[in-house]
Amino acid sequence: SQQGEEDPQALSIQEGENATMNCSYKTSINNLQWYRQNSGRGLVHLILIRSNEREKHSGRLRVTLDTSKKSSSLLITASRAADTASYFCATVVRGSTLGRLYFGRGTQLTVWP
Amino acid sequence: DGGITQSPKYLFRKEGQNVTLSCEQNLNHDAMYWYRQDPGQGLRLIYYSQIVNDFQKGDIAEGYSVSREKKESFPLTVTSAQKNPTAFYLCASSISVSQPQHFGDGTRLSIL
Chain V
167 SQQGEEDPQA
177 LSIQEGENAT
187 MNCSYKTSIN
197 NLQWYRQNSG
207 RGLVHLILIR
217 SNEREKHSGR
227 LRVTLDTSKK
237 SSSLLITASR
247 AADTASYFCA
257 TVVRGSTLGR
267 LYFGRGTQLT
277 VWP
Chain Z
70 DGGITQSPKY
80 LFRKEGQNVT
90 LSCEQNLNHD
100 AMYWYRQDPG
110 QGLRLIYYSQ
120 IVNDFQKGDI
130 AEGYSVSREK
140 KESFPLTVTS
150 AQKNPTAFYL
160 CASSISVSQP
170 QHFGDGTRLS
180 IL
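Residue numbers (our numbering), protein chains in the order written: chain V, 167 to 279; chain Z, 70 to 181.
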């Protein structure tokens with residue numbers, strides 16, 4: 167499978183702590199994207215990082231990409247209860263003319279007040 | 070506001086019945102997608118369309134059918150051939166393939 171795989175499957179932290187989620191993938195990629203899903207809702211795009219980029223920031227989010235290890239991480243700093251959600255990574259395979267996304271199974275993040 | 074609208078939010082299917090899930094977008098996106106999500110699982114691609122009047126099978130197309138007659142609309146039919154249709158179905162669109170996808174809020178399908 168070309169899916170990304172997130173680690174850990176579940177993460178539980180207190181408000182104010184940082185949360186780190188990891189994603190590993192198997193094939194060379196064009197880009198990697200992180201999404202968030204609140205319970206019972208659709209996914210929301212957070213960040214896209216291209217294969218020639220190593221780090222991107224958006225507000226309290228920081229994404230890193232290590233193509234030599236075929237892995238990415240999503241860091242949420244100073245977490246809030248409202249950050250409670252599932253987080254998914256998705257990859258676009260390099261050289262694919264179809265450009266579809268391959269999603270992992272997600273990390274369930276719970277932030278306690 | 071631009072976005073994707075899925076309807077209905079909840080749907081029940083009887084044995085042997087075909088049901089159609091609606092997906093409409095007003096984002097002027099060329100690409101549209103249908104995913105299936107089972108509890109604790111990631112998203113599995115059913116069908117996708119890069120442009121009007123064209124679509125391709127995803128990883129789990131058996132028992133499903135789609136049409137793309139208009140840019141704004143990409144309905145999904147769950148046929149009686151799909152023996153395990155109970156799931157959460159998500160529709161998405163993007164400006165073009167490989168770009169960030171915008172999602173609707175899903176349709177939850179159950180069997181009566």
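Cβ atoms here follow ideal geometry from the backbone N, Cα and C, with glycine treated the same way.
Using a Cβ distance threshold of 7 Å, Ala100 of chain Z and Gln75 of chain Z do not count as a contacting pair.
For Glu181 of chain V, the number of other beta carbons within 10 angstroms of its own is below 16, and it is reported as exposed. In the DSSP annotation of this structure, the continuous segment of the beta strand (DSSP E) that includes Lys222 of chain V starts and ends at 221–224.
Less than 7 Å divides the Cβ of Val229 of chain V from the Cβ of Ile213 of chain V. Against chain Z, the CB of His223 of chain V has no partner CB under 7 Å away; the residue lies outside that interface. Of all residues in the region 178–209 of chain V, the ones placed with a Cβ closer than 7 Å to any Cβ belonging to chain Z are Asn196, Asn197, Gln199, Arg207, Gly208, Leu209, in chain order.
At least one beta carbon of chain V lies nearer than 7 Å to the beta carbon of Asp174 of chain Z. By the criterion of a C-beta distance shorter than 7 Å, Val277 of chain V is surrounded in its chain by Ile179, Glu181, Ser245, Arg246, Ala247, Asp249, Thr250, once the five residues flanking it on both sides are discounted.
By the rule that beta-carbons nearer than 7 Å mark a contact, Val259 of chain V does not touch chain Z.
Taking the CA atoms as reference points, Arg207 of chain V sits about 7 Å from Gly175 of chain Z.
By the Cβ test, the region 75–94 of chain Z is not in contact with the region 218–227 of chain V, since fewer than three Cβ pairs between them sit closer than 8 Å. Within its own chain, the residues whose Cβ lies closer than 6 Å to the Cβ of Thr257 of chain V, once the five positions on either side in sequence are excluded, are Gly170, Tyr191, Ile195, Leu198, Tyr268, listed in chain order. Judged by DSSP secondary structure, Asp232 of chain V falls within the beta strand (DSSP E) whose first and last residues are 227–232. DSSP places Ala248 of chain V in the helix class (H, G or I) of the three-state scheme. At a cut-off of 7 Å, the C-beta of Arg216 of chain V has no neighbouring C-beta in chain Z. Under the three-state reduction of DSSP, Thr257 of chain V is assigned to strand. The C-beta of Arg260 of chain V has fewer than 16 other C-beta atoms within 10 Å across all chains shown, which makes the residue exposed.
Each residue's CA atom was taken as its position, placing Ser162 of chain Z and Phe172 of chain Z some 7 Å apart.
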